[in-house]
Each structure stands twice: as structure tokens, then as C-alpha cells.
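If you read the sequence shown in our numbering, its first letter stands for residue 353, the second for the next number, and so on.
Note that the Cβ used here is the ideal one computed from N, Cα and C, for glycine as well.
Report on the following structure.
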Amino acid sequence: MPAWYRIGEFAELAGVSAKTLRFYDEIGLLRPAGTDPRTRYRRYLPQQLQALASIVELKNLGVPLSEIRSFLHQPGANARHEALRDLKSFLERRIESATQSLAWINSALESAGGQHSPVVVVTKRRPAVPIASVRTRVSSYAEMVRFENELLASLPPHAIGKLRGVLWHHSADTGVLEGEAFVSLKERLLPRTYYDLKQLPAAVVASAYSQPDDESSERAYDGIRQWMQVREYRLAGPKRELELGALLEIQFPIE
């Protein structure tokens with residue numbers, strides 16, 4: 353006659369809670385070997401301890417329960433071997449991602465020098481937006497403000513959207529900056545000599561926020577560059593500097 357364990361006994365042997373065993377039963381991860389015909393309590397066999405140990409180990413490694421269930425339910429040795437290879441690939445991706453995150457955190461801590469909070473970088477999908485823009489060369493970032501104001505003054509107020517800022521193109525060899533002041537549009541406009549009408553293209557961007565002063569914005573730029581380097585992203589278009597009241601959003605299109 354097999355040695356049966358009630359759910360509480362089996363849970364104590366395995367070092368898990370009875371609540372966990374009930375949950376694993378509900379999701380089909382580890383079914384009890386049977387039920388007591390009189391009390392209807394779940395009953396387990398000693399052989400199931402090995403399967404439960406595998407579940408606990410894989411869960412501690414960060415493998416989702418759905419993946420663990422798929423692995424345990426493979427019908428034969430070959431199928432289980434392939435499932436193990438899949439789990440290995442999954443864990444390798446997790447390790448790579450964690451390594452990249454750790455490298456970015458270390459870099460952020462070093463650059464902050466304990467005086468500033470690390471720059472938080474997130475990715476966003478931005479849709480295409482119709483804009484009016486003026487592209488020019490300037491000797492300083494502050495000089496672009498004049499072109500932004502002139503662009504706004506040249507547009508009918510009813511057509512101006514909420515998005516405004518500067519697209520920073522590659523710097524010239526002489527060190528002169530090439531920027532493009534832009535404003536989003538709510539309505540179609542006729543072409544004018546002073547500004548260009550175009551689409552700000554859709555993009556996946558790495559984004560960070562900063563205060564409008566030079567020191568804060570430069571930290572945001574450096575933070576995004578470090579974040580991209582760790583993850584091996586490349587710049588996929590001009591950098592975008594969006595004006596959000598008393599805040600700047602720095603966006604790097606990435607690929």
C-alpha cells in the first residue's frame with residue numbers, strides 16, 4: 353500500500369505552505385496523487401517531492417509558473433530535454449538583462465557622484481506628428497530660443513499644438529550646433545517661406561526628464577547615452593528636446 357501524505361504533512365516535508373499546494377493544484381502545476389475518499393482532502397505520494405523541489409528551484413530562479421508547468425508536463429525524455437534547453441535560453445536572457453541593468457546602475461552611480469539622483473531612462477513609442485519647423489545653425493543652445501519665439505509668432509494661434517521644442521542634428525565640424533525649432537500643428541497650414549511643414553516621424557525613443565538648466569539637461573543627455581551604450585542601442589534620428597513648462601524631456605530615437 354503506498355505511503356500517502358495529507359496536504360499539511362506533505363507541505364511540511366517540502367518546506368512550503370498548504371496554501372501554495374492548493375494554488376499549484378488549481379493551476380495544474382502539481383496535482384495531488386489522489387483524495388481521501390472520506391474527507392476529500394488532497395493526498396500526495398513521496399515521489400511527488402522531487403517534482404515539487406524542481407518547481408521551487410525553478411521559481412526561485414525567476415522562471416514563470418506557466419513555463420515550469422510546460423516543462424514538467426513534457427511527455428518524454430526528448431521533449432523534456434528540449435524544454436530544458438528552452439529554460440536555459442530563458443534564464444540566459446534574464447541574466448543578460450540583469451547584467452545590463454546592473455551595469456547601467458553602476459554607471460549612473462559613478463556619474464552622479466553621490467550628489468544627484470541617477471537619471472531614470474524609459475522607452476516610449478511616439479506617433480508621427482505634423483509640425484512646423486525652422487532649421488538653423490547656432491553657437492549656443494540658448495540661441496535657439498529666439499528662433500522658437502519667431503516660429504511661434506509666425507503661426508496662427510489656432511493651429512498651434514501642445515508639442516514644442518528643438519530637434520538637435522549632428523554638430524558641424526566647426527563646433528557650431530545645428531538645431532531645428534519645431535511646434536506641433538492641430539490644423540493643416542499653407543507653406544510659408546519662414547518655416548517648413550513636415551512630419552516628426554514615429555519612433556521608439558529613450559526618454560529622460562530634466563530641469564531646464566544646462567547642468568541638469570547635460571546629466572540627462574549623459575544618462576541616456578550610458579543607458580544606450582549598456583543596451584547596445586544606436587541613435588536613429590535627431591535628438592528631441594521637448595519643453596514641458598518648467599521641465600524638459602530629452603528623447604533619443606533608438607534602434
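Simplified DSSP state of residue i, which is helix, strand or coil
i	result
Ile483	strand
Tyr585	coil
Val368	coil
Asp548	strand
Glu434	helix
Pro605	strand
Ala505	helix
Arg516	strand
Leu303	Outside the displayed span of the chain (353 to 607) sits residue 303, for which this structure offers no information.
Ala363	helix
Lys411	helix
Ala511	helix
Gly386	strand
Leu541	coil
Exposed unless 16 or more other CB atoms sit within 10 angstroms - verdict on residue i
i	result
Gln578	buried
Pro543	exposed
Gln603	buried
Arg540	exposed
Tyr376	buried
Arg383	exposed
Ser492	exposed
Ile379	exposed
Cα-Cα separation, residue i to residue j
i	j	result
Ser369	Arg437	30 Å
Gln581	Ile606	11 Å
Leu410	Leu503	59 Å
Glu593	Gln452	26 Å
Val535	Ile576	24 Å
His425	His433	12 Å
His522	Ser449	30 Å
Glu495	Ala435	60 Å
His510	Ala572	33 Å
Leu587	Asn430	44 Å
Beta bridge counterpart(s) of residue i as assigned by DSSP
i	result
Thr451	Answer is none; Thr451 lacks a bridge partner.
Ala560	Ile602
Glu595	Leu600
Gly626	The requested residue 626 does not occur in the structure, where the chain is confined to residues 353 to 607.
Ala555	Arg478
Arg394	Thr387
Does the region 526-542 come close enough to the region 471-479 that 3 or more CB-CB pairs lie under 8 Å? no
Just checking, does the region 390-398 make contact with the region 415-428 on the three C-beta pairs under 8 Å criterion? no
Within the chosen definition, does the region 438-450 reach the region 559-570 through at least 3 CB pairs nearer than 8 Å?
no
Discussion item. For the region 550-566 against the region 476-493, do three or more pairs of beta-carbon atoms, one drawn from each stretch, fall closer than 8 Å, so that the two count as touching?
Written reply: yes
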